[in-house]
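K.L.:
Input: one structure, supplied below.
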Amino acid sequence: GTTTLAFKFQHGVIVAVDSRASAGSHLALTPSVLVSAASKLLSNMMYQYRGMGLSMGSMICGWDKKGPGLYYVDENGTRLSGNMFSTGSGNTYAYGVMDSGHRYDLSIEEAYDLGRRAIVHATHRDSYSGGVVNRVSIVAQGLAHRVL
Numbered sequence: 098g099t100t101t102l103a104f105k106f107q108h109g110v111i112v113a114v115d116s117r118a119s120a121g122s123h124l125a126l127t128p129s130v131l132v133s134a135a136s137k138l139l140s141n142m143m144y145q146y147r148g149m150g151l152s153m154g155s156m157i158c159g160w161d162k163k164g165p166g167l168y169y170v171d172e173n174g175t176r177l178s179g180n181m182f183s184t185g186s187g188n189t190y191a192y193g194v195m196d197s198g199h200r201y202d203l204s205i206e207e208a209y210d211l212g213r214r215a216i217v218h219a220t221h222r223d224s225y226s227g228g229v230v231n232r233v234s235i236v237a238q239g240l241a242h243r244v245l
């Protein structure tokens with residue numbers, strides 16, 4: 098999607114994305130792979146291509162034996178661990194909503210709603226974002242997907 102966001106909360110990680118330019122796929126690794134290891138793999142691959150004109154911002158999200166994991170990897174192989182990230186042309190608008198509404202103790206419904214509101218705000222302000230809002234929760238019990 099053109100605007101993508103993810104944030105940690107007490108139950109796991111919420112990922113939300115608009116659908117204007119979505120590829121619509123994700124990679125699911127075996128449960129034994131740590132989220133940090135998956136992010137390091139992508140970081141190492143991107144580091145090999147640094148300086149070649151690529152433009153990418155990607156988030157690796159998951160649940161492993163350490164709990165919820167959230168990493169950001171860019172085109173230079175920079176890898177950051179954090180509680181909240183947004184990428185794409187509408188990211189500044191999404192951050193505005195997330196910054197004002199994010200709390201670690203959000204319920205699952207509140208977290209879904211925050212993800213929806215952040216993407217909807219981005220789609221209203223950014224002409225390159227749009228379409229439906231896809232949201233995924235990543236919790237200890239697995240993945241759940243919602244479309245608005």
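Under our numbering, the first residue of the sequence shown is numbered 98, with each subsequent residue one higher.
Just so you know, even glycine gets a beta-carbon here, dropped at the ideal spot from N, CA and C.
Bear in mind the structure is a predicted one, so any value in this text is a computation, not a measurement.
1. Using the Cα positions of His-218 and Thr-101, report the straight-line distance between them to the nearest angstrom.
2. Would you decide whether Asp-246 is buried or exposed? Buried here means 16 or more other CB atoms lie within 10 Å of its CB.
3. Out of Ala-191, Asn-173, Val-229 and Gly-198, which has the shortest C-alpha to C-alpha gap to Gly-150?
4. If I'm right that Ser-140 touches Val-170 with Cβ under 8 Å, what's the distance once you round it to whole angstroms?
5. Just curious, the beta strand (DSSP E) that Thr-100 is in, first and last residue?
6. Within the chosen definition, does the stretch 190 to 198 reach the stretch 209 to 218 through at least 3 CB pairs nearer than 8 Å?
7. Given this structure, state the Cα-to-Cα distance separating Ser-224 from Thr-184, to the nearest angstrom.
8. Just checking my contact of Ile-111 with Ala-208 at CB under 8 Å: how many whole Å lie between their CB atoms?
9. Can you tell which of Arg-243, Gly-239 and Val-244 has the C-alpha that lies nearest to the C-alpha of Asp-161?
10. To the nearest angstrom, how far is the alpha carbon of His-242 from that of Arg-232?
11. Leaving out five residues before and five after Glu-56 in sequence, what residues of the same chain have Cβ atoms less than 8 Å from its Cβ?
12. Quick check on the DSSP output: the beta strand (DSSP E) that includes Ala-135 runs from which residue to which?
13. Could you check whether Gly-166 and Leu-131 sit closer than 9 Å to each other, using their CB atoms as the reference points?
14. Using the three-state DSSP reduction, which class does His-123 fall into: helix, strand or coil?
P.N.:
By the coordinates alone:
1. The residue given as residue 218 occupies position 121 in the sequence shown. The residue given as residue 101 occupies position 4 in the sequence shown. Distance between the alpha carbons of His-218 and Thr-101 is about 12 Å.
2. No statement about residue 246 is possible, as the shown extent of the chain runs from 98 to 245 and does not include it.
3. Here residue 150 refers to the residue found at position 53 of the sequence shown. Looking at the Cα atoms, Asn-173 is the closest of the given residues.
4. Within the sequence shown, numbered from 1, the residue matching residue 140 stands at position 43. Within the sequence shown, numbered from 1, the residue matching residue 170 stands at position 73. The beta-carbon distance between Ser-140 and Val-170, rounded to whole angstroms, is 5 Å. This is short enough to meet the 8 Å contact definition.
5. Here the question's residue 100 lines up with position 3 in the sequence shown. Bounds of the beta strand (DSSP E) holding Thr-100 are 100 to 106.
6. Of all C-beta pairs linking the stretch 190 to 198 to the stretch 209 to 218, three or more are shorter than 8 Å, placing the two stretches in contact.
7. Counted from its first residue, the sequence shown places residue 224 at position 127. Counted from its first residue, the sequence shown places residue 184 at position 87. Ser-224 and Thr-184 have their C-alpha atoms some 15 Å from each other.
8. On the sequence shown, residue 111 is found 14 positions in, with the first residue counted as 1. On the sequence shown, residue 208 is found 111 positions in, with the first residue counted as 1. 5 Å between Cβ atoms; contact.
9. The residue you call residue 161 lines up with position 64 of the sequence shown. Checked all of Arg-243, Gly-239 and Val-244; the closest Cα to Asp-161 is Gly-239.
10. The residue you call residue 242 lines up with position 145 of the sequence shown. The residue you call residue 232 lines up with position 135 of the sequence shown. Straight-line Cα distance between these residues: approximately 6 Å.
11. Residue numbering for the chain in the displayed model covers 98 to 245; residue 56 lies beyond these limits and cannot be assessed.
12. Working through the sequence shown from its first residue, we reach residue 135 at position 38. For Ala-135, there is no enclosing beta strand (DSSP E); the residue is found in the alpha helix (DSSP H) stretching over 132 to 145.
13. For the purposes of this step, residue 131 is identified with residue 34 of the sequence shown, where counting begins at 1. For the purposes of this step, residue 166 is identified with residue 69 of the sequence shown, where counting begins at 1. Yes, they are a contact pair.
14. In the sequence shown, the residue the question calls residue 123 occupies position 26. In this predicted model, His-123 has a pLDDT of only 49, less than 50, meaning its place in the structure is not dependable; the value taken from the coordinates is given anyway. Coil, per DSSP.
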